[in-house]
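The sequence shown begins at -5 in my numbering and counts up by one.
Where is the CB? At the ideal position from N, CA and C, for every residue including glycine.
Since the structure comes first, as structure tokens, the remarks are kept for the end.
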Amino acid sequence: MLVRFDKQERLYKAIKLVRPIHLNVHRSIEQMLKGAGISVAERAVLELLCVEPLTVPEAARRLSMKRQFVLRVVVGLLEKGLLEKQPNPEHRRAYFCAPSAAGRDLFAAIHRRELELLHAVLGDINQTEVVVALRVLTRVASAFEELASALGAPEGAQLP
-5 MLVRFDKQER
5 LYKAIKLVRP
15 IHLNVHRSIE
25 QMLKGAGISV
35 AERAVLELLC
45 VEPLTVPEAA
55 RRLSMKRQFV
65 LRVVVGLLEK
75 GLLEKQPNPE
85 HRRAYFCAPS
95 AAGRDLFAAI
105 HRRELELLHA
115 VLGDINQTEV
125 VVALRVLTRV
135 ASAFEELASA
145 LGAPEGAQLP
């Protein structure tokens, strides 16, 4: 019997995998961060700010998180000496957050360990598969970001 390939049903199955993947990656990173002195949320914010200095609202938007949550994370990273405040010529109170030398070094060490782990557990995935997966996930992320915006979901809102 010939089975019809239903693209939307297969895409739906792929999207259903995102939540368990996210949860298991989160759990794995949480274990890897033991002893590093930062949480998974702090790691995410530090990674973003290692790319470029941002204000808290900008960081929150890029991470699809609530501004108040990102502010708490930033305050924690500032207290740990992993971030620094930089003046923002556009706005007196909305300072830029940038990694300190210690923050940049810590993230580099964490990222190295993550890449080693990826190679150990997923090193058999070829370059073409990675490119295709990245293209599909980027399209899905963009489509649902636009959909959430069109449906009026506030930025950083946690959906059930």
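Start-to-end residues for the beta strand (DSSP E) that takes in residue i
i	result
P51	Element bounds for P51: not the beta strand (DSSP E) but the alpha helix (DSSP H), V50 to L57.
E46	Run containing E46: none; DSSP gives neither H nor E here.
K79	L77 to Q80
Residue i burial status per 10 Å Cβ neighbour count (16 or more: buried)
i	result
G97	buried
A54	buried
L109	exposed
P14	exposed
L43	buried
F138	exposed
F(-1)	exposed
I32	buried
E24	exposed
L145	exposed
L71	buried
Among the options, nearest to residue i - alpha-carbon criterion
i	options	result
D99	A54, S136 and L77	L77
L17	Y6, K1, V34 and G146	V34
V134	E36, A38 and L5	L5
L128	R(-2), K1 and V12	V12
L40	V124, G117 and A103	A103
Rounded separation between residue i and residue j - CA only
i	j	result
R106	H113	11 Å
R66	V50	10 Å
N82	P47	10 Å
A142	A38	22 Å
F63	E36	11 Å
H85	H20	34 Å
G29	V69	20 Å
Span of the alpha helix (DSSP H), counted from its first residue to its last, around residue i
i	result
E139	Q121 to A144
K7	K1 to K10
L71	R61 to E73
E84	Careful: E84 lies outside any alpha helix (DSSP H) and carries neither H nor E.
L109	A95 to L116
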